[in-house]
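Trainee:
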Amino acid sequence: AGARVDEIAKRAGINKAMIYYRIGDKKALYEEVLHDIFADTAKRIAHNIKETQAPEEKLKTFIHNIARTVDQHRHLAPIMMRELASGTRNFPEVAGQDLARIVSILTAILMEGEKKGVFIKTNPLLIHMMIVGTTIFYKMSAPIRTKQTIFPESLRKLDKHASGDMDKEIEKLLLKVLKN
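Adding 7 to a residue's 1-based position in the sequence shown gives its number in the numbering used here.
1) Just mark residue 99 as buried or exposed, buried being the case when its beta carbon has 16 or more other beta carbons within 10 Å.
2) Using DSSP bridges, identify the partner residues of residue 186.
3) Can at least three beta-carbon pairs, one atom from the segment 137-151 and one from the segment 76-89, be found at a separation below 8 Å?
4) Have a look at 134, 161, 151 and flag the residue whose alpha-carbon is nearest the alpha-carbon of residue 180.
5) Specify the secondary structure class of residue 22 as computed by DSSP and reduced to three states.
6) With the cut-off set at 8 Å, would you say residue 33 and residue 12 are in Cβ contact?
7) So what does DSSP say about residue 57, is it helix, strand or coil?
8) Which value, in whole angstroms, describes the spacing of the CA atoms of residue 17 and residue 29?
9) Residues in its own chain within less than 7 Å of residue 45 by CB, not counting five upstream and five downstream?
See the structure below:
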């Protein structure tokens with residue numbers, strides 16, 4: 008969003024020349040950051056579901072890992088919102104490939120659940136968007152819910168409960184929808 012390499016280097020506590028030497032220009036840095044986040048998420052999900060047998064548990068693991076990624080990378084939600092608003096003008100191809108891997112993992116989980124008669128037939132991309140969209144929008148809207156006085160105390164209490172277990176709430180809702 009218009010950041011200069013000088014400022015990025017200063018905030019990172021490194022020399023600007025080191026960024027250019029190790030990574031490249033600002034575009035390459037942006038690509039590397041997104042690739043690192045999405046590739047790590049795909050790898051973590053694949054590893055964490057490896058020992059899990061039931062499709063329901065695999066789906067819960069998937070949702071938990073998506074929420075973990077959003078929590079660990081607080082800058083990711085605003086980046087993705089900007090990318091979507093711009094029509095993904097600057098979205099790197101390698102990050103798209105990493106996202107495709109993540110959706111492929113979810114697709115395999117949902118197809119396995121369907122094959123075992125546990126889940127209904129559904130569109131994995133829509134389920135992925137429901138998980139990611141809900142997670143990101145919930146996290147990004149926290150200032151509105153916490154700072155605005157228009158929200159009654161009863162909603163604030165529900166929000167306090169959901170914020171700690173947001174991934175559990177998404178799991179519960181999606182499993183109700185997907186169960187055969």
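Every residue gets a Cβ at the ideal spot worked out from N, C-alpha and C, and that includes glycine.
Mentor: Looking at the atomic coordinates:
1) The sequence position of residue 99 within the sequence shown is 92, counting from 1. So residue 99 ends up on the buried side.
2) Here residue 186 is taken as the residue at index 179 of the sequence shown, counted from 1. Residue 186 is bridged to 126.
3) yes
4) Taking the first residue of the sequence shown as position 1, residue 180 is located at position 173. Measuring from the Cα of residue 180, the nearest candidate turns out to be 134.
5) Here the question's residue 22 lines up with position 15 in the sequence shown. DSSP places residue 22 in coil when its eight states are reduced to three.
6) In the sequence shown, the residue the question calls residue 33 occupies position 26. In the sequence shown, the residue the question calls residue 12 occupies position 5. In this structure, residue 12 lies closer than 8 Å to residue 33 by Cβ.
7) As a position in the sequence shown, residue 57 is number 50, starting the count at 1. Reduced to three states, the DSSP call for residue 57 is coil.
8) Taking the first residue of the sequence shown as 1, we reach residue 17 at position 10. Taking the first residue of the sequence shown as 1, we reach residue 29 at position 22. Taking the straight line joining both Cα atoms gives about 16 Å.
9) Counting from one through the sequence shown, the residue named residue 45 turns up at place 38. Excluding sequence neighbours, residue 45 sits near 102, 105, 106, 109.
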